[in-house]
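In terms of full-length UniProt numbering, the sequence shown opens at residue 1 and continues consecutively. Built from N, CA and C at the ideal position, the CB exists for glycine as well.
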Amino acid sequence: MHQFIQGLNDLEMLKRAPGFFKYQEHSVAAHSFRVTEIAQLLADIEEDAGQKVNWQMVYEKALNHDYTERFIGDIKTPVKYATSDLRQRLAQVEAHMTDNFIQNEIPEHLQARYRRRLSEGKDDTLEGKILSVADKIDLLYESFGEIQKGNPEHVYTEIFRESLSTIIQFDELASTRYFIKEMLPELLNEDFSDRVLLTQITREILAANKNKQTK
1 MHQFIQGLND
11 LEMLKRAPGF
21 FKYQEHSVAA
31 HSFRVTEIAQ
41 LLADIEEDAG
51 QKVNWQMVYE
61 KALNHDYTER
71 FIGDIKTPVK
81 YATSDLRQRL
91 AQVEAHMTDN
101 FIQNEIPEHL
111 QARYRRRLSE
121 GKDDTLEGKI
131 LSVADKIDLL
141 YESFGEIQKG
151 NPEHVYTEIF
161 RESLSTIIQF
171 DELASTRYFI
181 KEMLPELLNE
191 DFSDRVLLTQ
201 ITREILAANK
211 NKQTK
């Protein structure tokens, strides 16, 4: 278990979106904390809407969802998603290294719990969907922070677009609809130079999703 805790220091040193100029660095550890806070908010909204939430799974999934990046790091998104085959191979390497870590470093009586916690958390359960949305909301806010500061890297606009496009795919969730209706407009009302561009991107994504639903 010493190595598990030691790994938390590794996550604190791992930087998000490596290779791109940014005004504010974000570590994987800080990202995991923010995603957990966002997931908690989304789960509150789901519970208020009448859904039964497994809170243990919300916290376990959110807190641990990027722990295994200590083994291979946070790979650039364009590289990670360059081909489905590459994405699958990276996932296999990560899964193999995680399994070795659990077998060699986690006491046997705790291994089943850590296999659950360190496995892919974005599944078809309510808690898995909450994690998917929370992860992309945090990424959206990371990109927005760089855009708001005037970062000239075009990649942050694309990250904003990709994040919102993924979030809207979960519009069956009350928490996603709340984010789109209540929180996103407040974000776009902030004072920043590319407000018109992000507003246009947002309208295009929402319109495309609406058209898809009517077909």
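Separation of residue j from residue i, as counted between CA atoms
i: E94; j: D171; result: 30 Å
i: H109; j: Y67; result: 20 Å
i: Q169; j: L184; result: 15 Å
i: R70; j: M13; result: 9 Å
i: Q88; j: T176; result: 28 Å
i: S165; j: I205; result: 6 Å
i: E46; j: L187; result: 22 Å
i: L86; j: N189; result: 39 Å
i: L139; j: L8; result: 20 Å
i: Q3; j: Q111; result: 14 Å
Where residue i sits in the DSSP three-state scheme
i: K15; result: strand
i: S165; result: helix
i: S193; result: coil
i: S27; result: strand
i: G50; result: coil
i: H96; result: helix
CB-CB length for residue i against residue j, believed under 8 Å
i: K212; j: L173; result: The Cβ separation is near 16 Å, so there is no contact.
Does the structure place the region 134-149 close enough to the region 30-41 that three or more beta carbon pairs sit under 8 Å? yes
If contact is defined by three or more beta carbon pairs under 8 Å, each pair taking one atom from either stretch, is the region 10-23 in contact with the region 140-147? yes
Quick check: the region 197-208 against the region 148-164, are there 3 or more CB pairs under 8 Å? yes
Evaluate the contact criterion for the region 110-126 versus the region 59-66: three or more CB pairs, one atom per stretch, below 8 Å. yes
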